[in-house]
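Residue numbers (this note's numbering): 28 to 522. We put the CB at the ideal spot given by N, CA and C, even for glycine. Working notes, beginning with the structure itself.
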Amino acid sequence: MKQKSPNILLIMSDQHHAGLMSCAGDLIAETPNIDRLAQQGARFSNAYCTFPLCGPSRMSFMTCRHPHEICLWDNESQLNSDTPTFAHSFLSAGYDTVLSGRMHFVGWDQRHGYAQRLISDVPQSAHLAAGWKLRDVLGDLVDTPGMSLTGLLKSGPGRTGYHAYDEAVTHTTVEWLRQRGLSKQDKPFLLTVGYAAPHCPFVAPPADFETYRRRIAYSDLPLPDEALHPANAVRRQKFGTDPAPPVDAQWRSRVAYYGLCTFLDRQVGVVLSALKQAELETNTIVIYCSDHGEMLGEHGMWWKSTFYDGASRVPLIVAWPDQITAGKLRPENVSLMDIGPTLIDLAGLDVLPGASGRSFRSLLIGSDTRWEDTAFAEYAERGNATVCRMVRSGPWKYNYYHDMEPELFHLPDDPGETDNLSGQVSYRDLERHLNELVLRNWNPRNVSQYMKRRNQELALIGDWVNSTRPLEPDPLWFSERLENWVANDVTRLED
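Here it is as structure tokens:
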């Protein structure tokens, strides 16, 4: 009997600039496997994360809710286990739900609706109980994954534990697909594959670094924006990129980032080949996306934590043989938190309770393309950072900053987001409307107060963690199998 419900293969990378793919128009990037997937399905050119930072973005993605609805605005906070995710929906509907690799779950619940986890997450210094393992993965580069000048200075060709981790994810995923194909099961599956690349450290495999060494010149580096909004200027200073880092460090970091994207593309290609070899391709919906982007020196900024498209816009590709028109380009504004409801809709499942995300099935299949063309993002961090929220509505982007002046950009005419139209009389009604959208069901003052209290709470917890270092890691944090992969590798930065 032919299986009716579609399988789902969801591949999520970390910190992938939406424009850095050949299929997105980048003339330098080599991403043949992701490009091929785009040719087979639909690519969304205006997909946005809900929060330009790993943890909140991913938990919003999993729950299909805004970050403020689940009170997650930092990488340290845990998603409550009693908050359902789209993985719970698929499990309840009879799917095998499997997670292989990264998803940035914090705390003891490392599944959140996935019945099986093939390989644990890559450790992060912010992850409390697992933080002490980060040096085992990165060695002398232990201080480079975060947002600091050190990460730019220690960049170039080399080998890191993150490479070994992603290769382990690929190997484990391929083996699972092989076994699944051999079993000839009728039961559908949701398989989520999470990669660390192209997240910093900006250290690329030597061959990949060499590919771009001569393609990227110093003159290709973006010029710093001297007229930054005060909120972004503060972040640039906080992260050590004002004054501008040495040009050579920026060049190495940019070359390495391109190399990491090609490294990532290879992993994606191996997984897609395994899906085909297992004869599972025909009835499988394949999605590729990332949790947020990478500024890559644009506006003099690196990493994320800003609403500029470099950080907040993400790649999104959806393919399903004979169902989604091949080579389709969708310009509508969509959100990462819309992916779960869309997959649920495509699979014919019940709506996820509490979800704010919307199904964009009509943009993939059929002729009904009516769509409320908006996408939201928000940002807050511990300390004195400004609480802010963005709405992308049609061609407009409006950035609200609590107790600071807003920004208004018309992206078709100003893709670089350098001409702030806020305050101009001719846009007064539009700006009032967008401001109302931003403040609907969102209170910046409440968020600010929460973050101040959260800062105090985590300071106390941090003191406890530093004093009590757990003797043994939980197996879901760092599996023995993954530890063997990393232990047999050597982290090094080459000259």
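Next on the checklist: Please report the distance separating the alpha-carbon of Ala-1 from that of Cys-91.
Outcome noted: Because residue 1 is not part of the residues shown, which for the chain are 28 to 522, the question remains open.
Next on the checklist: Could you check whether Leu-179 and Ser-246 sit closer than 8 Å to each other, using their CB atoms as the reference points?
Outcome noted: To locate residue 246, count along the sequence shown from 1; it is residue 219. To locate residue 179, count along the sequence shown from 1; it is residue 152. No.
Checklist entry - Rounded to a whole number of angstroms, what is the C-alpha to C-alpha distance between Leu-339 and Glu-237? => result Within the sequence shown, residue 339 is the residue found at index 312, counting from 1. Within the sequence shown, residue 237 is the residue found at index 210, counting from 1. The sequence given here places Ser at residue 339; Leu does not occur at that position. Approximately 29 Å between the Cα atoms of the pair.
Item to check | Extent of the continuous beta strand (DSSP E) run through Leu-435 | outcome: As a first step, residue 435 is located in the sequence shown; it is residue number 408 there, counting from the start. It spans 434-437 - the beta strand (DSSP E) in which Leu-435 sits, taken as one unbroken run.
Checklist entry - Nearest-angstrom Cα distance between Ala-301 and Val-474? => result As a working mapping, residue 301 is identified with position 274 in the sequence shown. As a working mapping, residue 474 is identified with position 447 in the sequence shown. Cα to Cα, Ala-301 sits roughly 45 Å from Val-474.
Item to check | Three-way DSSP call (helix, strand, coil) for Phe-71 in this model | outcome: On the sequence shown, residue 71 is found 44 positions in, with the first residue counted as 1. Strand, per DSSP.
Checklist entry - Looking only at its own chain, which residues have a Cβ that is under 6 Å from the Cβ of Ala-120, when we skip the five neighbours before and after it? => result Along the sequence shown, read from residue 1 onward, the residue named residue 120 stands at position 93. Only Leu-376 meet the Cβ criterion.
Checklist entry - Does DSSP put Cys-316 in a helix, a strand or coil? => result Residue mapping note: residue 316 aligns to position 289 of the sequence shown, counting from 1. Of the three classes helix, strand and coil, the one that applies to Cys-316 here is strand, per DSSP.
Next on the checklist: Comparing C-alpha positions only, which one of Leu-64, His-43, Asn-60 and Gly-296 sits nearest to Pro-79?
Outcome noted: For the purposes of this step, residue 79 is identified with residue 52 of the sequence shown, where counting begins at 1. Nearest C-alpha to Pro-79: His-43.
Item to check | Buried versus exposed, by CB contacts within 10 Å (16 or more), Glu-484 | outcome: Here residue 484 is taken as the residue at index 457 of the sequence shown, counted from 1. Looking at its Cβ environment, which holds fewer than 16 other Cβ atoms inside 10 Å, Glu-484 is exposed.
Checklist entry - For the segment 99-112 against the segment 44-59, are there 3 or more C-beta pairs whose distance is under 8 Å? => result no
Next on the checklist: Using a 10 Å radius around the Cβ and a threshold of 16 neighbouring Cβ atoms, would you call Trp-135 buried or exposed?
Outcome noted: In the sequence shown, residue 135 corresponds to position 108, counting from 1. Exposed.
Checklist entry - For Gln-451, which three-state DSSP category applies? => result As a working mapping, residue 451 is identified with position 424 in the sequence shown. DSSP places Gln-451 in coil when its eight states are reduced to three.
Item to check | Residue from Leu-363, Gln-350, Leu-145 and Glu-405 whose Cα sits closest to the Cα of Phe-71 | outcome: As a first step, residue 71 is located in the sequence shown; it is residue number 44 there, counting from the start. Of the candidates Leu-363, Gln-350, Leu-145 and Glu-405, the one whose C-alpha sits nearest the C-alpha of Phe-71 is Leu-363.
Item to check | Check whether Cys-316 and Met-130 have beta carbons under 8 Å apart | outcome: Mapped onto the sequence shown, residue 316 falls at position 289. Mapped onto the sequence shown, residue 130 falls at position 103. No. Outside cutoff.
Item to check | Val-261 versus Asp-430 - alpha carbon distance | outcome: For the purposes of this step, residue 261 is identified with residue 234 of the sequence shown, where counting begins at 1. For the purposes of this step, residue 430 is identified with residue 403 of the sequence shown, where counting begins at 1. Approximately 14 Å, taken between the alpha carbons.
Next on the checklist: Suppose contacts are defined by Cβ-Cβ distances below 8 Å. Is Leu-323 in contact with Ala-224 by that definition?
Outcome noted: Within the sequence shown, residue 323 is the residue found at index 296, counting from 1. Within the sequence shown, residue 224 is the residue found at index 197, counting from 1. Result no, Cβ atoms of Leu-323 and Ala-224 do not sit closer than 8 Å.
Item to check | Entirely enclosed beta strand (DSSP E) segments - the segment 178-223, minimum 3 residues | outcome: 183-186 and 216-221
Next on the checklist: Check whether the segment 295-312 and the segment 395-409 touch, using three or more Cβ-Cβ pairs below 8 Å as the test.
Outcome noted: no
Item to check | One or two residues paired with Leu-126 in a DSSP bridge | outcome: One-based indexing of the sequence shown puts residue 126 at position 99. Arg-144 and Thr-219.
Checklist entry - Taking the alpha helix (DSSP H) that Asn-360 falls in, what are its first and last residues? => result Residue 360 sits at position 333 when you count from the first residue of the sequence shown. Unbroken run through Asn-360 is the beta strand (DSSP E), 355-362; no alpha helix (DSSP H).
Checklist entry - Taking Cβ positions, are Tyr-122 and Phe-216 nearer each other than 8 Å? => result For the purposes of this step, residue 122 is taken as the residue at position 95 of the sequence shown. For the purposes of this step, residue 216 is taken as the residue at position 189 of the sequence shown. Contact: yes.
Item to check | Rounded straight-line distance, which links the Cα of Val-274 to that of Asp-446 | outcome: Sequence index remark: in the sequence shown, residue 446 carries index 419 (1-based). Sequence index remark: in the sequence shown, residue 274 carries index 247 (1-based). Answer to the nearest angstrom: the Cα atoms are 26 Å apart.
Item to check | Rounded separation between Ala-346 and Tyr-192 - CA only | outcome: Along the sequence shown, read from residue 1 onward, the residue named residue 346 stands at position 319. Along the sequence shown, read from residue 1 onward, the residue named residue 192 stands at position 165. Approximately 26 Å between the Cα atoms of the pair.
Item to check | Buried/exposed call for Arg-467, threshold 16 Cβ in 10 Å | outcome: Counting from 1 along the sequence shown, the entry for residue 467 is found at position 440. Label assigned to Arg-467: exposed.
Checklist entry - Is the beta carbon of Thr-77 less than 8 Å from the beta carbon of Phe-403? => result Taking the first residue of the sequence shown as 1, we reach residue 77 at position 50. Taking the first residue of the sequence shown as 1, we reach residue 403 at position 376. Result yes, Cβ atoms of Thr-77 and Phe-403 sit closer than 8 Å.
Next on the checklist: Below 8 Å on the Cβ atoms is my contact criterion, and I expect Ile-371 with Phe-113 to pass it. Report the Cβ-Cβ distance as a whole number of Å.
Outcome noted: Locating residue 371 in the sequence shown gives position 344, where the first residue counts as 1. Locating residue 113 in the sequence shown gives position 86, where the first residue counts as 1. Contact holds; Cβ gap of about 6 Å.
Next on the checklist: By the three-class DSSP mapping on this structure, what secondary structure does Ser-494 have?
Outcome noted: Looking up residue 494 in the sequence shown gives position 467. Helix at Ser-494.
Checklist entry - How many Å lie between His-154 and Arg-455 at the Cα? => result The residue labelled residue 154 in the question sits at position 127 within the sequence shown. The residue labelled residue 455 in the question sits at position 428 within the sequence shown. Confidence at His-154 is low in this model, with a pLDDT of 34, below 50, so its placement is unreliable and no value can be given for it.
Checklist entry - Quick one: what does DSSP say Leu-376 is sitting in, helix, strand or coil? => result One-based indexing of the sequence shown puts residue 376 at position 349. In the structure shown, Leu-376 sits in coil (DSSP, three-state: anything other than H, G, I, E or B).
Checklist entry - Under three-state DSSP, which class holds Val-297? => result What you label residue 297 is simply residue 270 of the sequence shown in a count that begins at 1. Helix, per DSSP.
Next on the checklist: Are the CB atoms of Tyr-477 and Ala-258 within a distance shorter than 8 Å?
Outcome noted: Counted from its first residue, the sequence shown places residue 258 at position 231. Counted from its first residue, the sequence shown places residue 477 at position 450. Cβ atoms of Ala-258 and Tyr-477: not closer than 8 Å.
Checklist entry - So what's Trp-278 in DSSP terms, helix, strand or just coil? => result For the purposes of this step, residue 278 is taken as residue 251 along the sequence shown, with counting starting at 1. Correct three-state label for Trp-278: helix.
Checklist entry - Taking the alpha-carbon positions, what's the Ile-243 to Ala-234 distance? => result By one-based count along the sequence shown, residue 243 stands at place 216. By one-based count along the sequence shown, residue 234 stands at place 207. The alpha-carbon atoms of Ile-243 and Ala-234 are separated by roughly 15 Å.
Item to check | Backbone secondary structure at Lys-265 - three-state DSSP | outcome: Taking the sequence shown and counting its residues from 1, one reaches residue 265 at position 238. It is helical.
Next on the checklist: Here's a check: name, in chain order, each residue in its chain whose Cβ is nearer than 6 Å to the Cβ of Pro-251, leaving out the five neighbours to either side.
Outcome noted: Mapped onto the sequence shown, residue 251 falls at position 224. Only Ala-271 and Gly-327 meet the Cβ criterion.
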